[in-house]
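Q:
Numbering (my numbering), first residue to last: 320 to 638.
1. From the DSSP output, in three-state form, read off residue 388 for me.
2. Below 8 Å on the Cβ atoms is my guess for residue 323 versus residue 389; work out the distance and round it to an integer in Å.
3. Beta strand (DSSP E) containing residue 408: first to last residue?
4. Restricting to runs no shorter than 4 residues, where is the alpha helix (DSSP H) found entirely within the region 570-613?
5. Quick check: residue 383 and residue 405, are their CB atoms within less than 8 Å of each other?
6. Alpha carbon to alpha carbon, how far is residue 605 from residue 464? Give it in angstroms, no decimals.
7. Inspect the CB distances between the region 560-579 and the region 613-629 and report whether three or more fall short of 8 Å.
8. Cβ of residue 624 within 8 Å of Cβ of residue 365?
9. So does the region 500-510 actually touch the region 346-357, counting three or more Cβ pairs closer than 8 Å?
10. Kindly indicate the opening and closing residues of the alpha helix (DSSP H) around residue 530.
11. Please list the terminal residues of the continuous alpha helix (DSSP H) segment that includes residue 506.
12. Residue 626 by DSSP, collapsed to three states: which one?
13. Between which two residues does the beta strand (DSSP E) carrying residue 346 extend?
14. Does the separation of the CB atoms of residue 596 and residue 586 fall below 8 Å?
15. So what does residue 325 bridge to, in DSSP terms?
16. Of the choices 398, 430, 369, whose alpha-carbon is the least far from that of residue 341?
17. Taking just the CA atoms, how far does residue 609 sit from residue 428?
18. Mind checking whether residue 531 and residue 375 have CB atoms under 8 Å apart?
19. Residue 484 to residue 381, Cα distance in whole Å?
20. Terminal residues of the continuous beta strand (DSSP E) containing residue 372?
21. Out of 535, 533, 534, 549, point me to the one whose CA is closest to residue 510's CA.
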């Protein structure tokens, strides 16, 4: 949530959840980005050129996401692709939040029902729009982008039972999805692979155990990858600071992920999963000149970023 949940600002200044309604598909995450977030400087120092950011996980349907550069004085300068996905959430976060508000939904049943309700509303909206061609509803238009498979639903999920429910929704509505966090993905890796669903795994730095982290393991990325799933890694900034992204990859490698697959999970595969693989993620002719020069092996704790070049400009140089 870089730029949307400003690093060091505290929860009062976090703009990630429009916590007045559990379904806000028409919100545009780019409208909450603060280019002055010090997290962007941290990203540059860590060699991170590009991120996907947007709404949080308190709402079942949170809003539209954007892919951005980690440099720029204005949001317009930073935007690479938007909308890049529609944020949806399953599990503890939306259930607990709306239960505390004494509002629907507060259970797994309610979360699924709300998503179905809004997809059906969008279908009906389309029929009416085709007839009278009057008025535009931003919430419905955002949902139609998913139903028309123009963008994926990027779904916050941890538990295997919720992943199974997402499979049902995918079958019902024939939508493209990406699973994010996917903490128990290793328990259902074969089905994820069969459906060719990309996964963005992490973070692994979590203290304590909860219903969502009871089976947390750094092996998740390795097991998914071994089963043929396309895997990227995340820090969920600012929950875990963005400069720990290489540490996430190193942990995945240490836990059994192929070394080059782990590197791809924060470079080329990550770029493909967020929809910009044609321009970013590898060093080759015709692509953006985003290059990081390190002092040593990327997965060594002692390895330092010496230079970070973004689109031909040096944005970080070790002093």
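For glycine and all other residues, C-beta sits at the position ideal for the given N, C-alpha and C.
A: On the basis of the data shown:
1. In the chain shown, the residue the question calls residue 388 occupies position 69. Here residue 388 sits in strand by DSSP.
2. Walking along the chain shown from the start, residue 323 turns up at place 4. Walking along the chain shown from the start, residue 389 turns up at place 70. The beta carbons of residue 323 and residue 389 sit about 13 Å from each other, so the pair does not count as a contact at 8 Å.
3. What you label residue 408 is simply residue 89 of the chain shown in a count that begins at 1. From DSSP, the beta strand (DSSP E) with residue 408 extends over 398-408.
4. Correct list: 578-583, 587-592.
5. Reading the chain shown from its first residue, position 64 is the one you call residue 383. Reading the chain shown from its first residue, position 86 is the one you call residue 405. Contact: yes.
6. Here the question's residue 464 lines up with position 145 in the chain shown. Here the question's residue 605 lines up with position 286 in the chain shown. One C-alpha to the other measures close to 29 Å.
7. In the pairwise beta carbon analysis, the region 560-579 is classified as touching the region 613-629: at least three pairs are separated by under 8 Å.
8. Indexing the chain shown from 1 puts residue 624 at position 305. Indexing the chain shown from 1 puts residue 365 at position 46. For residue 624 and residue 365, yes; Cβs fall inside 8 Å.
9. The region 500-510, when compared against the region 346-357, does not touch it at the 8 Å Cβ threshold.
10. For the purposes of this step, residue 530 is taken as residue 211 along the chain shown, with counting starting at 1. Per DSSP, residue 530 lies in no alpha helix (DSSP H) segment and is marked neither H nor E.
11. Position 187 of the chain shown, counted from the first residue, corresponds to residue 506. From DSSP, residue 506 is part of no alpha helix (DSSP H); its letter is neither H nor E.
12. Residue numbering aside, residue 626 sits at position 307 when the chain shown is read from its first letter. Strand at residue 626.
13. Here residue 346 refers to the residue found at position 27 when the chain shown is read from its first residue. Note, residue 346: premise wrong, no beta strand (DSSP E); not H, not E.
14. Residue numbering aside, residue 596 sits at position 277 when the chain shown is read from its first letter. Residue numbering aside, residue 586 sits at position 267 when the chain shown is read from its first letter. Contact: no.
15. Taking the first residue of the chain shown as position 1, residue 325 is located at position 6. In DSSP, residue 325 forms no bridge with anything.
16. Here the question's residue 341 lines up with position 22 in the chain shown. With distances taken between Cα atoms, residue 341 lies closest to 430.
17. Translated into the one-based positions of the chain shown, residue 428 becomes position 109. Translated into the one-based positions of the chain shown, residue 609 becomes position 290. The alpha-carbon atoms of residue 428 and residue 609 are separated by roughly 44 Å.
18. Numbered from 1 along the chain shown, position 212 holds the residue referred to as residue 531. Numbered from 1 along the chain shown, position 56 holds the residue referred to as residue 375. For the 8 Å CB-CB criterion, residue 531 and residue 375 do not form a contact.
19. Position 165 of the chain shown, counted from the start, is the residue given in the question as residue 484. Position 62 of the chain shown, counted from the start, is the residue given in the question as residue 381. Residue 484 and residue 381 have their alpha carbons spaced roughly 18 Å apart.
20. For the purposes of this step, residue 372 is identified with residue 53 of the chain shown, where counting begins at 1. Its beta strand (DSSP E) spans residues 369-372.
21. As a first step, residue 510 must be located in the chain shown, where it is residue number 191. Nearest of 535, 533, 534, 549 to residue 510, Cα basis: 549.
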